[in-house]
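In what follows, a structure is listed as structure tokens, so that the remarks can point back to it.
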Amino acid sequence: MLSQLGFQDVAVVARFDCFRGTSKERIAQKYGVRGVNLLARKQYR
Numbered sequence: 027m028l029s030q031l032g033f034q035d036v037a038v039v040a041r042f043d044c045f046r047g048t049s050k051e052r053i054a055q056k057y058g059v060r061g062v063n064l065l066a067r068k069q070y071r
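Counting from 1 along the sequence shown, just add 26 to a position and that's the residue number in the numbering used here.
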């Protein structure tokens with residue numbers, strides 16, 4: 027999806043539990059919701 031937006035060299039640099047410690051933690055675990063940090067570059071012309 028990110029390549030369709032013009033990003034290149036996309037890499038996931040970290041994964042984390044974005045709902046840990048919140049009231050929605052159980053729902054996030056049930057559906058496998060996770061957060062990620064991405065590293066990508068986009069060349070403007």
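Positions of the beta carbon are idealized from the N, C-alpha and C atoms, including for glycine. Note that this is a predicted model, so its numbers are computed, not measured.
Which listed residue (Arg46, Val39, Leu31, Ser29) has its alpha carbon closest to that of Gly58: By 1-based counting over the sequence shown, the position of residue 58 is 32. For the residues Arg46, Val39, Leu31, Ser29, the minimum Cα distance to Gly58 belongs to Arg46.
Simplified DSSP assignment, three categories, for Leu31: Position 5 of the sequence shown, counting from 1, holds the residue named residue 31. If DSSP states are grouped into helix, strand and coil, Leu31 belongs with the helices.
Three-way DSSP call (helix, strand, coil) for Lys50 in this model: Locating residue 50 in the sequence shown gives position 24, counting from the first residue. Coil.
Boundaries of the beta strand (DSSP E) in which Gly61 is found, first to last residue: To locate residue 61, count along the sequence shown from 1; it is residue 35. Note, Gly61: beta strand (DSSP E), 61-68.
Integer-rounded CB distance, given that Val62 should sit under 8 Å from Val75: Outside the displayed span of the chain (27 to 71) sits residue 75, for which this structure offers no information.
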